[in-house]
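Here is the structure we will look at.
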Amino acid sequence: MVDLLRPVLDQIAKLWGRIDLMPVIRWATVVQASPLRVTLDGDLEPLALSPQTTVPSLSVGDRVLCVEQHRRVTIIQAAGLRDVRSLPDARYAIGPSSFTVTAAASSWQNVGLSLTYTPPADLWVDVEVSAEVAGGTGATISYTMIGVNVTGGLTLGPDTPPDGGPVASQWTRFSFSPVHTAIENPTKRVLLPGGVETVFTFWARRNAVPSAGSNVCNYSMITLRPVRWA
């Protein structure tokens, strides 16, 4: 009889091994902060080993969501405002129907358009920032560049284009010819610290000779769109 059941028992053992490798989502409670210890819901004792975690600064009593896989536990989320708080609406700063770039060629000019944003004090927010214009006019061999200058607690990452703007935290995104009419929408992804005011300011420059004269840019706008809590 045992020999007849052996293939069935082997198959059950293989299936059980596969089930053991499948991830299971479980809630747990933090019972010790350092070293980190949690008790899974339904268990009477804390786990013998500290779980891995993707959530910083956990405290005793925090409720956490865990992935249990092959006797390993990883904390992937903490309960609270991070789970339910909606992202802020997009913010816009719209300039006049046109502005004139009068600075000498290759010199940056603040055109007086800015957008200020402060995330909630307890959360960082990942945002997309874009600068837009609808075109411009000027000397036929002159080109205009626009950019965004950043002040406040934000430090841009190493992927910031090294354009040599007005300050180190400035980036520029594109240039357009005087007869260009399509709206440009270059986007930069940045991380804003909670509770810190960050100011985004629209800048422009003529990127070619002649140095005399001026260029006109039409319908400038800065857009800030929150993407996720970080």
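Here numbering that gives the first Met the number 0 is used: the first residue of the sequence shown is 0, the next is one more, and so on. Just so you know, even glycine gets a beta-carbon here, dropped at the ideal spot from N, CA and C.
Same chain, Cβ closer than 7 Å to residue 50, five either side skipped, listed in chain order: Here residue 50 refers to the residue found at position 51 of the sequence shown. Here the set comprises 35, 37, 65, 72, 73, 74.
First and last residue of the uninterrupted beta strand (DSSP E) at residue 123: Residue 123 sits at position 124 when you count from the first residue of the sequence shown. Here residue 123 belongs to no beta strand (DSSP E), and DSSP marks it neither H nor E.
Whole-angstrom distance between residue 15 and residue 48, CA atom to CA atom: Along the sequence shown, one-based indexing puts residue 48 at 49. Along the sequence shown, one-based indexing puts residue 15 at 16. Residue 48 and residue 15: Cα-Cα distance of roughly 24 Å.
Simplified DSSP assignment, three categories, for residue 45: The residue labelled residue 45 in the question sits at position 46 within the sequence shown. Here residue 45 sits in coil by DSSP.
Three-state secondary structure (DSSP) of residue 54: Translated into positions along the sequence shown, residue 54 becomes position 55. Assigned with DSSP and collapsed to three states, residue 54 falls in coil, not helix or strand.
Cut-off 8 Å between Cβ atoms - residues of its own chain near residue 102, not counting five sequence neighbours on either side: Counted from its first residue, the sequence shown places residue 102 at position 103. Here the set comprises 108, 204, 205.
Integer Cβ distance of residue 89 from residue 222, believed to fall under 8 Å: Indexing the sequence shown from 1 puts residue 89 at position 90. Indexing the sequence shown from 1 puts residue 222 at position 223. Sure, about 6 Å apart at Cβ, within 8 Å.
Alpha-carbon spacing of residue 25 relative to residue 116, whole angstroms: Working through the sequence shown from its first residue, we reach residue 25 at position 26. Working through the sequence shown from its first residue, we reach residue 116 at position 117. Distance between the alpha carbons of residue 25 and residue 116: 37 Å.
Rounded distance between the beta-carbons of residue 86 and residue 225, thought under 8 Å: Along the sequence shown, one-based indexing puts residue 225 at 226. Along the sequence shown, one-based indexing puts residue 86 at 87. The Cβ separation is near 4 Å, so the contact holds.
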